[in-house]
DNA sequence: CGAGTGATTGACTTAGATCAATGACCGTGG
DNA sequence: CCACGGTCATTGATCTAAGTCAATCACTCG
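Chains as they are written, first to last, in this note's numbering: chain B, 830 to 1036; chain Z, 830 to 1036.
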């Protein structure tokens, strides 16, 4: 959970913090947009309610995540935002941000950069989720997150969190890592995972 | 596949079409960026090659998808782009686009809008992929894509494509739909799926 | 009219989800 | 200072839904 860094690091865009109790609504579909938010702590879910009255979760934002970016370019919110846990959020007021974009193209550019990176990240994650085998998913993740040496992967946060990011149950992840370690495909030291034989890892696949 | 609409509908940003043969490289990691591309037909994959020489696919772009948006803000490409099939792409030259952004904030804004929407879309898809049960995944999808009446879902493309989007095998999708239809949870007419009893769909879950 | 593809269904297998239990750690309040 | 409640890490046993392989039928396209 690296402490959430500000969305607009370079400049003082008008922003305001707000605390939410669990279950509290941040905004609702149809309300006029006042800006985008960054979740500083806790979890906030975006959801839509269909005609039948049941809620469909679109996304659950955790610490550091931004929500309602698109609201900067729209006059009303298109989904509801509700705090799933007690949470703290920072509001970036729409007019302030847009005015700053117009005034200062560099800020607009850095925001676009941020969005573009997010798109890439998300696509990468999607591709990961398309891999069905837990082992291959882990391999893919390790390959993508290897440090400069191509072998060492620093695990940020807990393994449970990693499991969630990989779309696996934590048990499945533990087992997969254990099996890979048993086969000397990886080694584990404290918070790091070392990929051994990054080469030639396609054969010898008996459990 | 709905004909790909131009990325910059409003104005004539310098763009150029290019045809790729299957297997042909569009760009490689480390090359200087010349711009972003939109895939007009065929499929282009983004991939990284790890130190061991094996390729990890980050994303496969189909007709209408944009790739390398982030390259507009970076001086080098960070992954390889290779045509998986014969393909046609449109290049939006970096300088032209960036200059236009600076000159015309509205264009920048519309591009940001596009990126923001993409982020939201991707997050929504991610949330979908977090659902493990095929049936619930289909339900979630239907709820999200219901038309104005809250019940009718127009299926764009083939069911196989839908299966891919849902992250299911086509067999699994066929079976799930068949089962839901058998239980009168949905009805199917030509290309549409009608959600019956959108309400009260949580009980009665025997196969 | 055959080749290619989508849609569909059957049979079988298995990987991963689920349920469950244990040990290590950690902070905290009494 | 230590016992207790909570969470993470780990492993075992079991079950089932979804993947895999395979076959069939309907269509469409040259």
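We put the CB at the ideal spot given by N, CA and C, even for glycine.
Item	Value
Whole beta strand (DSSP E) elements within the stretch 900 to 963 of chain Z, 3-residue minimum	909 to 912 and 916 to 922
Start-to-end residues for the alpha helix (DSSP H) that takes in residue 1024(Z)	Residue 1024(Z) -> not in any alpha helix (DSSP H); beta strand (DSSP E) instead, spanning 1021 to 1024.
Length of the line joining the Cα atoms of residue 886(B) and residue 928(B)	32 Å
Buried or exposed (CB count within 10 angstroms, at least 16 for buried), residue 986(Z)	exposed
Cβ-based burial, residue 1028(Z) [other Cβ within 10 Å; buried from 16]	Any reading at residue 1028(Z) must be qualified, since the residue scores a pLDDT of 45, below 50, and its modelled position is unreliable; no value is offered.
Contact list for residue 879(B) against chain Z, beta-carbon separation under 7 Å	972, 975, 979 and 1027
Residue 1017(Z) - partner residues in DSSP beta bridges	1022(Z)
Chain-ordered chain Z contacts of residue 942(B) [CB-CB under 9 Å]	899, 901, 902 and 903
Residue 830(Z) versus residue 892(Z) - alpha carbon distance	Confidence at residue 830(Z) is low in this model, with a pLDDT of 40, below 50, so the placement of that residue is unreliable and no value is reported for it.
Interface flag, residue 867(B) vs chain Z, CB-CB below 8 Å	no
Proximity test, Cβ basis, 8 Å: residue 945(Z) and chain B	yes
C-alpha gap between residue 856(Z) and residue 870(Z), whole angstroms	17 Å
Residues of the stretch 949 to 970 of chain B with Cβ closer than 8 Å to any Cβ of chain Z, in chain order	949, 951, 952, 953, 954, 955, 956, 958, 959 and 969
Span separating the alpha-carbon of residue 1018(Z) from that of residue 981(Z)	10 Å
Close Cβ partners of residue 991(B) (< 7 Å) along its chain, the five nearest in sequence each way excluded	984 and 1002
Per-residue contacts from residue 859(B) into chain Z (C-beta, under 7 Å)	Those within 7 Å of residue 859(B) in chain Z number zero; the least Cβ separation is about 15 Å.
Min CB distance residue 987(Z) to chain B below 8 Å	no
Neighbour flag for residue 923(Z) against chain B, beta carbons, 8 Å	no
Cutoff 7 Å; reference residue 850(Z); Cβ partners in own chain excluding five residues on either side	912 and 915
Contacts that residue 996(B) makes with chain Z (C-beta to C-beta distance below 7 Å)	958 and 959
Check whether residue 926(Z) and residue 901(Z) have beta carbons under 8 Å apart	yes
Residue-chain proximity (residue 887(Z), chain B), Cβ-Cβ < 8 Å	yes
Euclidean distance between Cα positions of residue 930(Z) and residue 872(Z)	28 Å
Whole-angstrom distance between residue 883(B) and residue 852(B), CA atom to CA atom	16 Å
Interface residues of chain B facing residue 850(Z) [CB-CB closer than 9 Å]	Within 9 Å Cβ-Cβ: nothing; residue 850(Z) doesn't reach chain B, min ~24 Å.
Which listed residue (874(Z), 905(Z) and 894(Z)) has its alpha carbon closest to that of residue 864(Z)	905(Z)
Where residue 862(Z) sits in the DSSP three-state scheme	coil
First through last residue of the alpha helix (DSSP H) which encompasses residue 789(B)	The structure shown has nothing for residue 789(B), since chain B only spans 830 to 1036.
Beta-carbon contacts of residue 921(Z) that lie in its chain and below 6 Å, excluding the five residues immediately before and after	842, 844, 864 and 865
Residue nearest to residue 963(Z) in terms of C-alpha spacing, selected from 1009(Z), 946(Z) and 947(Z)	1009(Z)
Among 975(Z), 919(Z) and 859(Z), nearest to residue 846(Z) - alpha-carbon criterion	919(Z)
Nearest to residue 867(B) (by Cα), restricted to the options 976(B), 917(B) and 860(B)	917(B)
Interface residues of chain Z facing residue 931(B) [CB-CB closer than 8 Å]	934
Residue 890(Z) - containing beta strand (DSSP E), residue span	884 to 890
Exposed unless 16 or more other CB atoms sit within 10 angstroms - verdict on residue 977(Z)	exposed
Closer than 8 Å to chain Z by CB, residue 1016(B)	no
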